[in-house]
Structures are given as structure tokens and as C-alpha cells.
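Chemist: In mature numbering (1 follows the signal peptide of the UniProt record, and there is no 0), the protein residues as written are -17 to -1, 1 to 489.
#1: Suppose the cutoff is 6 Å on Cβ atoms and the five residues either side in sequence are ignored; what does the same chain contact list for residue 394 look like?
#2: Measuring alpha carbon to alpha carbon, tell me which residue in 321, 267 and 286 is nearest residue 390.
#3: Nearest to residue 207 by alpha carbon, out of 200, 378 and 221?
#4: Under DSSP, the alpha helix (DSSP H) around residue 182 begins and ends at which residues?
#5: Tell me the DSSP bridge mates of residue 412?
#6: Enumerate in chain order the residues of its own chain whose CB-to-CB distance from residue 368 is below 6 Å, with the five nearest sequence positions on each side excluded.
#7: How long is the line joining the alpha carbons of residue 124 and residue 397, rounded to whole angstroms?
#8: Rounded to the nearest angstrom, how far is the Cβ of residue 177 from that of residue 272, given a contact under 8 Å?
#9: Taking just the CA atoms, how far does residue 328 sit from residue 291?
#10: Would you say residue 120 reaches chain D, if we count a Cβ-Cβ gap shorter than 8 Å as a contact?
#11: Measure the C-alpha to C-alpha separation of residue 241 and residue 234 and round it to an integer number of angstroms.
#12: Residue 237 and residue 262 - do their beta-carbons sit closer together than 8 Å?
#13: Using DSSP bridges, identify the partner residues of residue 243.
#14: Just the C-alpha distance for residue 311 and residue 359, rounded to the nearest angstrom, thanks.
#15: Specify the secondary structure class of residue 152 as computed by DSSP and reduced to three states.
#16: First and last residue of the beta strand (DSSP E) that includes residue 225?
#17: Check residue 373 in the structure and name its three-state DSSP category.
#18: Does the Cβ-Cβ distance between residue 512 and residue 193 come in under 8 Å?
#19: Might you give, ordered along the chain, the residues of its own chain that have their beta carbon closer than 6 Å to the beta carbon of residue 269, omitting 5 neighbours on each side?
#20: Give the single residue among 143, 253 and 217 whose Cα lies nearest to the Cα of residue 356.
#21: Taking only the alpha-carbon atoms, compute the straight-line gap between residue 200 and residue 210 and give it to the nearest angstrom.
#22: Helix, strand or coil for residue 115, going by three-state DSSP, please let me know.
#23: Report yes if the C-beta distance between residue 135 and residue 183 is below 8 Å; otherwise report no.
#24: Report the partner residues of residue 257 according to the DSSP bridge assignment.
#25: In whole angstroms, give me the CA-to-CA distance for residue 162 and residue 266.
#26: Do the CB positions of residue 165 and residue 286 come within less than 8 Å of each other?
#27: Among 383, 382 and 340, whose alpha-carbon lies nearest the alpha-carbon of residue 372?
Below you can see the structure in the form of C-alpha cells.
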């Protein structure tokens, strides 16, 4: 009986072997689907496919799908057919059970294909250049790479899934808007090839980050921008990605620029592409970023804290100011202008009468981490951070707000060239580490002596902004826990031009 079954199935088996024998070594899902479920009225062929692929887990799905029929004899097939379980013989004889059996085999193949995409799908993925050519809204990006940066284009074309990347591909509209943005405008308007190269590198992220991989909180990924002139953070400058709702993908870059995605998850041989409608902007220096935020609403202004780091009674650049501009991987907890206004008398008195204590207070707002900047995703409940003073900060999560000691984080993750800034609603004090957050208050109570009346126009230290004063560079001095800092040349220097520096300088 079993032998008769074999003889009856031999024509169908021959029909199945023909398409498999002519197939290339790597089959994609569509090819195998053709064999398994695309044979039309040849139901027995599908039954044999079910037996060969699905029974008793005797063969890995991938191995079976790419099996070489020339290495299989009739006896081999007979062994498989005769040795199957009674249940599977019944399935091959019962028309009602044939389609579920085939669908199950196909589902197992798809599952294996998803687990081994490099083996199954690599041959069908287009190159990076192919994707650019097939999207009319990426012609400016393609032409820019082809004409000015062929090496970068070749590098992207050569990528495979063994070392994938995510490319934030600017649309034609994104290129047209560059003139309105700091950093981007000067680079493209002046055709600064070096600056543009680094801007484009900032659009390439290490690793594959599809929409399914992003969450509702920002995650920060290293990019190909690792030129020290433009990036002073370990493993490359970061860009943040988040899903807002179920469909809106947003990317965060320098000066809190947000880039929306108009088309996501376009596969190519080396990873995934998302088309963005605003170019991501490389972060600028702390002074330049603070200057940009000075045009924001008062809760987000941080020029007073920046001015405090440049405060000097003898027109020298304080070591702290140089440290903030030259040191890698900084995390700065910057109180907003309103916070400094509320304790202006206490702060200015401290700065005038006890400069060492004033510097210590400022140092208490700064963390230098050898592992890189500390973004909001790492500011979890119970986290403690060691500041430049050696004293610690405590992070707490209460009522959907993050607090640093008794200060609420108003704006997290403001990227700068050498790290990240988190804007606070309160000044921190190394002499008061026991104050606790009061989440029901819109603004936290000051930990220093508060002034009875304050006005927005009275933010202290803003006259010490780095581009407003002529200063002397410092001698080699220490700044908090960071140790000795090598001073720059002791020549008079006008720092007005430093406001837009991407990185470095004081």
C-alpha cells in the first residue's frame, strides 16, 4: 500500500522537483510561496511539499527550501514518504486537511526567513543608490552625494546587514529649507564642503532602527559624526528618536530641532532608510545653544547660567567656562533664567565675596562621565550622579516628572557639541542635598535665599555672556573634581565670534 502511494505520487514529486532544481541557492519568500501554494490545481504537489518541508521537524525549513534535488534519490524520498506518521499520511490523503498543512509549512518558512534575513532576503534588497533613484523626493540628496561625496555614497552602497545603519534621508523639501537654520544655512549657502560632509555623516546612525524598534520615550543613537571639530562625545554625536502615537516618528538633533518622518522603514541592502522633512542639525557649543534658547519663552532661557560660568571680576575667562567648552561627554543641569532671578541677590553676593564657593555651586550642576553624556532615558528613579564637586545628585520620578534633588527638569535632552543639557526650574546647592521635590508646585521652592520680588528683565550674570566681553584667557587652574585644566594662550581674545562655534573654543 505504501509503495503504491509512492508510485501514485511520483508524477507530482517530479513536478515539484523541477522548480526547486532550477532555483538559485538563496530563495526568497515569494519563490518558496510559489512552490508551496502557487501550484494552482496541482494539489498533490503541495501535499508532497508539505511532507518534505514540514514533517516531524526532520529538516530545517531553510535547508529543505534550498535542497538540491540532484543529491536526492528516489529511495531517499521513499524513506521520507514511508516513514511519516499516520497523522501526516491521513493529511496527505484528506483534501480537507491539505491546505492547513501547506499553510503551516509556509508559515514555518516565513518564521525562519525572519530569523535569518541575511540568508533569505539579502539578494532581493536594493542598494542604497537604487532606493535614492526610485524616490523622486530624494533627487537632491542623490545628486549631492554623487557630485560632491562619491566616497560616502560608495560606502553606503557597500554596506550589508552584517553591519547595518539607519539613514535619515533628507527630502528635496528638507534641502530647500536649510537656509533658515543655523549651522545648516551657512554650510549650504557657502558651499562649505567640509561642514556639509559632517552634516551628512550626522544623518547616518549606527544600527538598524525601524519604527517597531522605537518607543514613546526618546532613545539616543550614535551617528557617523565623530569629527572632533563637530562632535566631542564618545562613539559619535547622538541623535534622538521617538514614536509619538502609533505612526509619527520624530528625530531630535541640535538646538532641539525636530525632524518628522514622511516615509519610514524603507529597506536597503545595508539597513533601513527614513525620509525626513527637516535635516537633523549637528549640535553646537554650549554658548551657541544658550544663545538660541535666549529667544525662547522665559522658562527655557538659560543665558543667566551661561553668564555665571563666565563671571569674572578681572576680565579673565574662568577655568569653568573653558572646561565646559573643551571637555567631552558633559551633562549640564542648567537652571533657567527664572530660577537664577529668584535667588539673584544670594548668587551675586556669593560671586562677589566668595568666588571659590560660587564656582563650587556651579560645579555641582555638571557631571563628566567617561561613558558618555547622560540622557533622560538614563535618568531613572533612584539614579545618583557624581558631579564635579564629588558630591552626588539624586534623580526621582514623581507624577510623570523628573526631578534632580528638588529641581524639576523642564526641558530634557538639549544636545550640545560635547554632551547634553537638561534645563531645571531651580538652582542646585551642594550645601542642601536633603530638599525633596514638591510635584504639586508649578515651580520648586528655591534652596537658596530667595528675593522678595523678581522680574524677567533682572536675570543675573547676563552681562558676562561670552560674546559681550573682552576677556583674558586663564592660566592653568583647577575646576572642581576635574583637576588641572590647561589654559589657552594668555592673550586678550574677543569671544564674540564664538557664539556660533559648533565645538571647541571658549
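Beta carbons are placed, not taken as given, at the ideal position from N, Cα and C, and that holds for glycine.
Modeler: In brief:
#1: The residues are 283 and 406.
#2: If we check each option's Cα against that of residue 390, 321 comes out closest.
#3: Nearest option by C-alpha distance: 221.
#4: Note, residue 182: alpha helix (DSSP H), 176 to 184.
#5: The partner list for residue 412 (beta bridge, DSSP) reads 415.
#6: Once the five neighbours on either side are set aside, the close Cβ partners of residue 368 are 350 and 376.
#7: If you take the alpha carbons of residue 124 and residue 397, they lie about 27 Å apart.
#8: For residue 177 against residue 272, the beta-carbon gap comes to about 21 Å, at or over 8 Å, which does not count as contact.
#9: Rounded to the nearest whole angstrom, the CA to CA distance from residue 291 to residue 328 is 13 Å.
#10: The structure shown contains no chain D; it is built from a single protein chain.
#11: For residue 241 and residue 234, the distance between alpha carbons rounds to 6 Å.
#12: Contact: no.
#13: Answer is 233, bridged to residue 243.
#14: One alpha carbon belongs to residue 311, the other to residue 359, and they sit about 18 Å apart.
#15: Here DSSP, grouped into helix, strand and coil, assigns residue 152 to strand.
#16: Start and end: 221 to 227.
#17: Here residue 373 carries a coil assignment [DSSP, helix/strand/coil].
#18: Here the chain covers residues -17 to 489 and nothing more, so residue 512 does not appear.
#19: Correct list, in chain order: 307 and 399.
#20: Answer by Cα proximity: 217.
#21: Each residue's Cα considered, the two are about 28 Å apart.
#22: In this structure, residue 115 counts as helix in the three-state DSSP scheme.
#23: Contact: yes.
#24: Paired residue(s): 151.
#25: One C-alpha to the other measures close to 17 Å.
#26: In this structure, residue 165 keeps its C-beta atom at 8 Å or more from the C-beta atom of residue 286.
#27: Ranking 383, 382 and 340 by Cα distance to residue 372 puts 340 first.
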